[in-house]
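So the sequences go chain by chain: A and B. For the first sequence, the numbering used here gives the first residue as 40, with consecutive numbering after it. For the second sequence, the numbering used here gives the first residue as 835, with consecutive numbering after it. Below you'll find the structure, written out as structure tokens, and then a few comments.
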Amino acid sequence: MDEVHASLSGVQSSGPQTGVTGSEVRDPKPETLDPRPQTSDHNRIVFPGDKVWSTPVRVKGCYVSGEATYASVLSQTSGDRLVLLRGFYDPQPGDAVIGYVSDVKFSGYNVEIFQPYHAFQSSKELRFEYSLGEVIIAKIKEVSETRSVDLEYPKQLKDGRMLNVEPFKVPRIVGRKNSMINSLKDLTGAEIYVGANGVVWFSGKNSSLVIKAINMIREEAHTTGLTERVVKFLQAETGIENYTPRVDEEPAGGSYSRSPGDAGSGSGEGRRYGSRDRYEHRERGGDRPRDRGGDRRSYKPRGQGYRR
Amino acid sequence: MMVSSMNQVSETQNPKLLKVDFMAKKKDGLKLIVDGKRLDGRAADQLRPVRIEAHVLNDANGSAYVEWGKNRVLAGVYGPQECIPKHDASPYGALIKCRYTMASFCSLEEHGRSGPNRRSIEISKVMTDAFKSVIFTEYYPKTQIAVFVEVLQSDGGTRCAAINAASVALVDAGIPMRDMVTAVAFAKVDDQIVIDAAKEEDNFGQADVPVAIGANSKEILLLQMDGILSKEEMQQGMEYAYSAAEYLHRLQKDALERVFTTTAQEKKETFLRM
């Protein structure tokens, strides 16, 4: 308190100011008496209302007022990028999200994705049926004006556990070119899926280690060199030596990461989650063929006299 | 104009005895300001010591704890979440629901002793209005943002402490905002304008004006006045309030920055000191 008090005496009061754009950039090098760690101009924390750039840039976590860009969310500048330190999930078409079936309706399923948005999986184009409480991973097909989310290509995840993390930390859990998630999978042997909504689903014997590692990433999400530290931690826990994080050449965005079994089988290598996957569900034993009721004895392909 | 924080508070007497004595003395014409010094030894432009901690609750989306003189205020932010009741939800944006409550043990008086009352409903309302004008509610249609503020100990100026705490908690939660909000009250005591009125000055002074200010935009987001002031007195008080807001904004930013610069061990020690 003393130091803060002392440094204040150097500040000249600017008195009343008017106008929304009258904001000023926070001095990156405060008075010498300021006890805070000195942050360089390239790596400073910006608070809502702080000016980030003097040119209009429309990025997440910012708003443009007049000719300048101001932060709207607590973030950190990193060169000419802005890394969010806080934030909520903004659903985008193409994102993979994980949730559980919270209601079964005539036309489809309500899916709880742990966000304020209402997610719905229509059963119109679905060849399988789900029941209450089953965990699915699905792609976002469409986001309406009022942020209702329509899902497509669902796939059931069986016998695993879910962990909620902050959605803005998901990029750290996946890592650059999937390096973090690959390390987690390789070193723990677990099958892991990460939803853009911040749900991590995993199964395997080492689940307590996965939880420990994910909590470590959550706590240190704003630090650098995290992958190395997590790998070191996992190596110490598992006794595995000589491991270097495996990177995927395809971009991580959009598609969710594959399980280690898929990656090793050859046929799965480099495959994106797409329509083909829908036909492989039954082999994996996850999804059940849809019960169409009545006395229908066999499935007929669509478009040949088949009526719903 | 310089607003500074007072570092020592003299707590020599039992507050209950102090109160009784004070009531009697006030009737006998006790001065609230003697030789330019206030009851607790502060100058007219001096704030009580303020301490802010951000991110103190694990399960809230955002939280903050503020110690302001003898005031202790805890704020928690939940949301955006599903709006309840559902018919309140607006397709045009999130609903902001602030709830200011006083703990039943927060003061010697009957504040908060019987649940929400007229005063706490009013404060909840003015807080909601202040935050409505800085939060980008349109980003989260059909949802609500719940801000809970609990006054654990009160000594005058709790609504300002509550707004400061809620502002830090909202930023900690990651709610997109145009600006941060700082709040401070000035008062007219013994014909003199003072910043940050304590309880006795508030109760026995001539006027009390809580102000909430947009930290960067300098917009006035809340202005209430209890009492009568001249134009000059108002200007003088606002000048105090603006420079106090600058100082408080700095403390708010410090608190948020500390969430990222302190280690887990340091955080634990901070918690034990509280």
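Note that the Cβ used here is the ideal one computed from N, Cα and C, for glycine as well. All values derive from a computational prediction rather than experimental measurement.
- When rounded, the separation of the alpha-carbon atoms in A/N236 and A/S246 is 20 Å.
- Classified as buried, A/Y109 has 16 or more neighbouring CB atoms from the shown chains inside 10 Å of its CB.
- In the structure shown, the three-state DSSP call for A/V239 is strand.
- Every beta strand (DSSP E) of 3 residues or more that sits fully in the stretch 1012-1058 of chain B is shown, in chain order, as 1015-1023, 1026-1029, 1041-1048, 1054-1057.
- Close to chain A, meaning a Cβ-Cβ distance shorter than 9 Å, are the following residues of the stretch 1083-1098 of chain B: H1083, R1084, L1085, Q1086, K1087, D1088, L1090, E1091, R1092, V1093, F1094, T1095, A1098.
- Between the alpha carbons of A/F127 and B/G1008 lies a distance of about 7 Å.
- Interface flag for B/A1007 against chain A is set, since a Cβ pair is found closer than 8 Å.
- Burial is judged here by how many other beta carbons sit within 10 angstroms of a residue's own beta carbon; A/Q160 has at least 16 and is buried.
- The residue from A/K180, A/P155, A/G278 with its alpha-carbon nearest to that of A/E164 is A/K180.
- One alpha carbon belongs to B/Q1070, the other to B/H1083, and they sit about 20 Å apart.
- Contact note: B/D1013 reaches chain A through P87, G88, using a C-beta cutoff of 7 Å and chain order.
- Taking 7 Å as the upper bound on Cβ-Cβ separation, chain A lies near residues F970, Y974, P975, K976, T977 of the stretch 953-985 of chain B.
- Not a single CB atom of chain B sits nearer than 8 Å to the CB of A/L223.
- Cβ-Cβ separation between B/I997 and B/Y1074: approximately 17 Å, too far for a contact (criterion under 8 Å).
- Take A/V209, set aside five residues on each side of it, and the residues of its chain with a beta-carbon closer than 7 Å to its own are V233, A235, G237, in chain order.
- Contact check for A/S111 against B/M1011 passes: the beta carbons are separated by less than 8 Å.
- Distance between B/A937 and B/E901, taken at the CA atoms: about 15 Å.
- The DSSP assignment places complete alpha helix (DSSP H) segments of no fewer than 4 residues inside the stretch 909-994 of chain B at 952-966, in order along the chain.
- Nearest C-alpha to B/N895 among B/G903, B/V868, B/V981, B/V884: B/V981.
- In this structure B/D869 is exposed. Its beta-carbon is surrounded by fewer than 16 other beta-carbon atoms within 10 angstroms.
- In this structure, DSSP gives A/V91 an extended state, which the three-state scheme calls strand.
- Taking A/S146 as the centre and dropping the five residues before and after it, the same chain places the C-beta of S161, S162, K163 closer than 8 Å to its C-beta, in chain order.
- The beta-carbon of B/N1050 is placed less than 8 Å from the nearest beta-carbon of chain A.
- Just measuring C-alpha positions, the residue of B/Y912, B/L986, B/P925 sitting nearest B/S941 is B/L986.
- By the C-beta density criterion, B/F1020 is buried, having at least 16 other C-beta atoms within 10 angstroms.
- Counted as a single uninterrupted DSSP element, the stretch harbouring A/Q115 is not any alpha helix (DSSP H) but the beta strand (DSSP E) occupying residues 114-117.
- Less than 8 Å divides the Cβ of A/G88 from the Cβ of B/M1014.
- Looking at the DSSP output, A/E230 sits in a beta bridge with A/S242.
- Around the beta carbon of A/E230, 16 or more other beta carbons sit within 10 angstroms, so the residue counts as buried.
- At a beta-carbon threshold of 8 Å, the residues of chain B lying near A/S111 are F970, P1010, M1011, R1012, ordered along the chain.
- A contact is defined here as three or more CB-CB pairs under 8 Å, and the stretch 264-284 of chain A meets this definition with respect to the stretch 247-255 of chain A.
- According to the DSSP assignment, A/K271 belongs to the alpha helix (DSSP H) that extends over 265-277.
- Counting along the chain, the unbroken alpha helix (DSSP H) around A/I212 starts and ends at 209-213.
- For the pair A/R257 and A/M201, the Cα-to-Cα distance works out to about 15 Å.
- Annotation for B/V1018: C994, I1029, D1030, V1045, A1075, A1078, A1079, L1082 place their beta carbon closer than 7 Å to its own, counting only its chain and skipping 5 residues before and after.
- Not a single C-beta of chain A is nearer than 8 Å to the C-beta of B/P1044.
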